[in-house]
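Worksheet: the structure to be examined is printed underneath.
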Amino acid sequence: MATTTSTRPRAAADQRFMRSVTIVALSIGAFTLYAILTAVVGADADAEVADLPNPMGGIAMTAPGDATGELDLGGLEILGSTVAMGDVALGVTYVPAWDLLNPTGDEVTVTIGQPQVLEGCCPGPVYANGELTEAGQAVVVPAGDVLTLQFPLQMHAGMDGPHHLAIPLRAGADGGAVEVIGNFTADARA
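Numbering (our numbering), first residue to last: 1228 to 1417.
Here it is as C-alpha cells:
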C-alpha cells in the first residue's frame, strides 16, 4: 500500500519562508540606499560647513532664521539685508551671509566698514568671498558678479541675550548696512 503525503503544508511553509526572505532583502536594500544617500548628503553638508570661516573654533554652521529687506547700494543689490536668527545656542559659530549682486555693466567698489554693535556685544570679523577684511577695506565687485560677505559670530556664557549687529557698507555716494539679529541663549540647541 502506497502512502500519500500532502505537500500543502510544505508549500505554505515555503511561501512564508520566501516572503520573509523577500522582506529581509528589501529591508537590507532600503537601509543600504539610506546609508549611501546619508553619506553623500552628509559629505556635502560637511564640506559646506568646512568652507565657513570659523575663527572662534568649535562647531560652525550657517545662520538659521529669516533674511528680509532689500538694500540698493551704488548699483549693488542686496536681498535679505537683515538676518533674524531667532534663538541660537551659545558656544556655536553662526555665519550669516549676504550676497551683493552687481547687475550693472560696470565694476562697483564697496567699502566694508567696522562692524557696529546696536545691541549686545562682540562683533566678529567680516569676510568677503572667503577672505578676511579690515575695517574700511574697499572691494571691487566686477560687472555681473556677486560678492559674498560672511560675519561669523559666537557667544559664550556671560554674553547671552539679544544681539543686533550691523556691517556698514558704502558704494560711491550710497551708504547702508547689512544687519544680523539673534538671541544667544543656553536654552537653544544647535
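Every residue, glycine too, gets a C-beta built ideally from N, C-alpha and C. None of these values were measured; they are calculated from a predicted model.
Count the other CB atoms within 10 Å of the CB of residue i; is the residue buried (16 or more) or exposed (fewer)?
i: residue 1407; result: buried
i: residue 1244; result: exposed
i: residue 1294; result: buried
i: residue 1356; result: exposed
i: residue 1337; result: buried
i: residue 1399; result: exposed
i: residue 1359; result: exposed
i: residue 1402; result: exposed
i: residue 1433; result: Nothing about residue 1433 can be reported from this structure: the residues present for the chain run from 1228 to 1417 only.
Specify the secondary structure class of residue i as computed by DSSP and reduced to three states.
i: residue 1243; result: helix
i: residue 1331; result: coil
i: residue 1416; result: coil
i: residue 1295; result: strand
i: residue 1410; result: strand
i: residue 1389; result: strand
Distance, Cα to Cα, residue i vs residue j?
i: residue 1416; j: residue 1315; result: 7 Å
i: residue 1318; j: residue 1332; result: 43 Å
i: residue 1395; j: residue 1371; result: 22 Å
i: residue 1335; j: residue 1313; result: 33 Å
i: residue 1330; j: residue 1279; result: 26 Å
i: residue 1410; j: residue 1299; result: 27 Å
i: residue 1474; j: residue 1374; result: Missing from the structure shown is residue 1474; the chain here goes from 1228 to 1417 and no further.
Can you tell me which of the options puts its alpha carbon nearest to the alpha carbon of residue i?
i: residue 1291; options: 1348, 1301, 1390, 1321; result: 1321
i: residue 1413; options: 1355, 1399, 1389, 1395; result: 1389
i: residue 1281; options: 1375, 1313, 1353; result: 1353
i: residue 1346; options: 1377, 1337, 1386, 1369; result: 1386
i: residue 1328; options: 1365, 1297, 1309; result: 1297
i: residue 1326; options: 1404, 1363, 1409; result: 1404
i: residue 1351; options: 1366, 1376, 1368; result: 1376
i: residue 1349; options: 1392, 1368, 1242, 1279; result: 1392
Any 3 or more C-beta pairs closer than 8 Å across the segment 1276-1295 and the segment 1368-1385:
With the cut-off at 8 Å, the segment 1276-1295 and the segment 1368-1385 touch.
Just checking, does the segment 1340-1347 make contact with the segment 1300-1310 on the three C-beta pairs under 8 Å criterion?
Contact fails: fewer than three Cβ-Cβ distances are below 8 Å.
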